[in-house]
Every structure is written in C-alpha cells, then in structure tokens.
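Under full-length UniProt numbering, residues 1 to 243 are what the sequence shown spells out, in order. Reviewing the structure listed below.
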Amino acid sequence: MKPSKNPKFKRSPAGRQGGRRVGVQNPKVFIIVGPPGSGKGTQAKLLCQKFGLEYVGSGDTLRARQKIGDFTGKKLIQAMGRGELAPSFVIVKILGDVLENFKKHLKIRGFVLDGWTRIIFEAILADEALEWYEWDKNVKVILLNISRRESYNRLTKRRQCKKCGHLIPWIGEFKKLKKCDKCGGELITRADDKMESIKKRLEEYKNQTKKAINYYKKQGRLIEINGGQSIEDVFKDILKAIK
C-alpha cells in the first residue's frame with residue numbers, strides 16, 4: 001500500500017422517524033489494542049476510511065491537549081517527553097469529553113479508539129463510558145499481535161512530520177519517504193520514540209496493557225490479528241474477522 005493523504009471521511013445522513021431527528025442506526029465502534037509500533041494507528045485510519053468513521057487516537061488527542069498551555073498541558077509535555085503514560089484520570093476525562101461531543105452530532109457513523117485502554121482500569125472505565133454515552137451496542141476489540149523484537153525495530157525507526165504531526169510507520173513503501181506524504185514537512189524521530197522511552201513503553205505493555213487485553217479476552221470480545229504482515233494483509237484479515 002503506497003503512502004497517501006488522509007481521506008476526508010464521509011458520514012451517512014441522519015434520518016427522521018415520526019418527525020423526530022434520529023442518529024445513525026447501529027453505529028460501529030472499534031477498540032484497537034496491541035504493542036507499541038504494531039500499526040494500531042494505521043489500521044484504525046483504514047477502518048475509518050472503509051466505514052466512514054471518526055478516528056480517536058489517544059496520542060494525537062493528548063498532543064493536542066498539550067497545546068492548550070494550561071497546567072495539565074504542561075504536565076503532559078513533561079510526562080510524554082520522558083516516555084511516561086498520562087495518568088488514567090486524564091485519559092478517562094478526555095475520552096469522556098470526546099464521547100460527549102460525539103452525541104451532539106447525529107450524522108456520526110461510529111469511531112475507532114486507538115490507545116485509550118492501556119491498563120485494565122482504563123479498559124473497564126472505557127466500557128462504562130461507552131455504555132453511558134450509548135455507544136456500546138456494536139463494539140469490537142481488535143488486537144494487533146507483533147513480537148517484542150518487531151515492536152522495538154519499528155519504534156526505533158519510525159518517524160513523524162515536524163509540521164503536521166502525521167506519523168510515518170517503518171513498514172513497506174513508507175520506509176522510502178524523505179518528506180511527509182501528507183504535507184511535505186520534515187520527518188523527525190518522536191520524543192517518545194527515543195531509546196529509553198521505548199524500553200519503558202515496552203515494559204509498560206508487558207506489565208500493564210496485557211492485563212487489559214486479557215480482560216477483553218476473558219469476555220470473548222477479542223479479535224486477534226497477526227500484525228507482523230504487510231499493511232494490506234493485516235487489513236484484509238481484520239475485514240474478514242469483523243464480518
């Protein structure tokens with residue numbers, strides 16, 4: 001799959017029943033989990049393109065939150081610069097705000113959550129939030145599995161656009177890029193993709209995120225996908241699994 005510009009997602013129109021406006025029926029919600037560098041963001045955006053969904057990435061959302069410049073924003077800059085996880089209460093509050101905002105838009109066909117359930121506590125609260133905001137009727141959890149070695153290799157080599165923040169995975173045709181395929185900006189290594197930060201994130205995945213994944217697995221909700229394949233093959237497997 002060749003690098004391309006992010007598509008402008010189309011949303012289905014809201015209908016009317018008995019003179020009352022209603023939202024899209026049975027909206028799709030996907031939760032993407034997996035080791036750092038497993039391609040969660042890439043596959044999440046492909047799902048958005050395929051089904052006309054909204055992308056909700058924790059990394060992008062937290063980086064946007066940093067720019068507000070208040071106390072929380074400054075603390076996030078410090079924490080993420082050290083490769084640390086943002087506190088769960090911050091994660092859950094921001095997610096709740098996103099879901100609340102979605103309720104204002106009847107045309108939304110659903111969304112993909114990427115990186116919001118890093119520990120079991122967050123997975124449980126995310127379920128509660130989805131139920132509270134009535135997005136819980138059609139939720140699928142997708143695990144992208146890759147080895148620790150593959151995760152490390154991808155993280156140490158992937159890049160991000162300095163101008164627009166677009167993340168460039170270290171896989172396939174993306175390896176050949178010299179500039180951002182979205183805006184032509186300079187490509188740099190992310191602060192949280194430095195050596196020590198990577199090691200810390202891999203340990204956090206092993207010690208914390210796997211417990212959240214087991215939470216979904218015990219409920220019979222987990223769809224496991226081999227994330228070590230090409231981007232195209234991973235996406236094909238996802239589409240087969242969610243039919």
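In this text, a Cβ means the ideal position worked out from N, Cα and C, and glycines have one as well. No experiment lies behind these values; they were computed from the predicted model shown.
Practice task
Please report how far the alpha carbon of residue 106 lies from the alpha carbon of residue 53, in whole angstroms.
Solution key: Cα-Cα distance, rounded: 13 Å.
Exercise for the section: Identify the continuous beta strand (DSSP E) that holds residue 225 and give its terminal residues. Expected result: 222 to 226
Handout entry: Strand pairing of residue 203, partner residues [DSSP]
Key = Note: residue 203 sits in no beta bridge, so no partner.
Handout entry: Residues near residue 8 by beta carbon distance below 7 Å, same chain, minus five either side
Key = Note that residue 8 scores 39 on pLDDT, short of 50, meaning its location in the model is unreliable and no value can be drawn from it.
Handout entry: For residue 219, the first and last residue of its enclosing alpha helix (DSSP H)
Key = Counting along the chain, residue 219 falls outside any alpha helix (DSSP H), and DSSP gives it neither H nor E.
Handout entry: residue 28 - DSSP class collapsed to helix/strand/coil
Key = DSSP, reduced to helix, strand and coil, places residue 28 within a strand of the structure shown.
Exercise for the section: Return the Cβ separation of residue 143 and residue 238 in integer angstroms, given the expectation that the two are a contact with Cβ distance under 8 Å. Expected result: Not quite, the Cβ-Cβ distance comes to about 11 Å (not below 8 Å), so this is no contact.
Problem - Whether residue 141 touches residue 221 by CB criterion (8 Å) - result: yes
Exercise for the section: Would you be able to state if there are at least three C-beta pairs under 8 Å between the segment 77 to 93 and the segment 196 to 211? Expected result: Yes: at least three Cβ pairs fall under 8 Å.
Practice task
For residue 177, count neighbouring C-beta atoms within 10 Å of its own C-beta (all shown protein chains included) and say buried if the count is 16 or more, exposed if not.
Solution key: Its Cβ having fewer than 16 others within 10 Å, residue 177 is exposed.
Handout entry: As assigned by DSSP and simplified to three states, the class of residue 101
Key = helix
Problem - For residue 126 and residue 103, the rounded distance between their alpha carbons - result: 16 Å
Practice task
Give the range of the beta strand (DSSP E) segment to which residue 111 is assigned.
Solution key: Per DSSP, residue 111 belongs to the beta strand (DSSP E) from 110 to 114.
Practice task
List the DSSP bridge partners of residue 188.
Solution key: 160
Exercise for the section: Within the same chain, show all residues whose beta-carbon is closer than 7 Å to that of residue 150, passing over the 5 residues directly before and after it, in chain order. Expected result: 228
Problem - Span of the alpha helix (DSSP H) around residue 81 - result: 71 to 81
Handout entry: Residues near residue 91 in its chain [Cβ-Cβ closer than 7 Å; skip 5 each side]
Key = 58, 116, 122
Practice task
Report the three-state DSSP secondary structure of residue 133 (helix, strand or coil).
Solution key: coil
Practice task
Determine, using beta carbons only, whether residue 63 and residue 185 come nearer to each other than 8 Å.
Solution key: If you check the CB distance, residue 63 and residue 185 do not come in under 8 Å.
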